[in-house]
Amino acid sequence: MKFSLGIIIGAVLGGYIINSLSDEQRDTVARKASDTVDKVKGNTVVSSVSDNVGDVTEAASQRVAGVVDAAGGKVADAISTEPTT
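Quick note, the working numbering runs 3 ahead of the 1-based positions in the sequence shown.
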């Protein structure tokens, strides 16, 4: 909730600031924002992370699935070997 509230406040404040700027100032802000986005897109670290995120997610999912399967098997074995009364 705190995160969402921060986004909402930031969006409202940003909108107010942008609307109070002159056309020349808006163009300057837009140009700087575009340059910043281009720098981030061209960053090799960001590129490497974004390229490998799918591989990491798949490996983590497989690892979790393996652990859950093993734990389920141990629980099933423990239940089946308990004496019934």
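Glycine residues also receive a C-beta, built at the ideal position from the N, C-alpha and C atoms.
Whole-angstrom distance between residue 12 and residue 84, CA atom to CA atom: Counting from 1 along the sequence shown, the entry for residue 84 is found at position 81. Counting from 1 along the sequence shown, the entry for residue 12 is found at position 9. Distance between the alpha carbons of residue 84 and residue 12 is about 58 Å.
Start-end ranges of the alpha helix (DSSP H) lying completely within the stretch 8-83, minimum 4 residues: When DSSP assignments are scanned along the stretch 8-83, the uninterrupted stretches of alpha helix (DSSP H) that are 4 or more residues long and fall wholly within it turn out to be 26-45.
Residue 19 to residue 42 span [Cα, whole Å]: Your numbering for residue 19 matches position 16 in the sequence shown. Your numbering for residue 42 matches position 39 in the sequence shown. Their backbone Cα atoms lie some 26 Å apart in a straight line.
Chain-order list of residues whose beta-carbon lies under 6 Å from that of residue 57 (same chain, five-residue window excluded): As a first step, residue 57 must be located in the sequence shown, where it is residue number 54. In the same chain as residue 57, and ignoring 5 residues on each side of it, no C-beta atom comes closer than 6 Å to its own.
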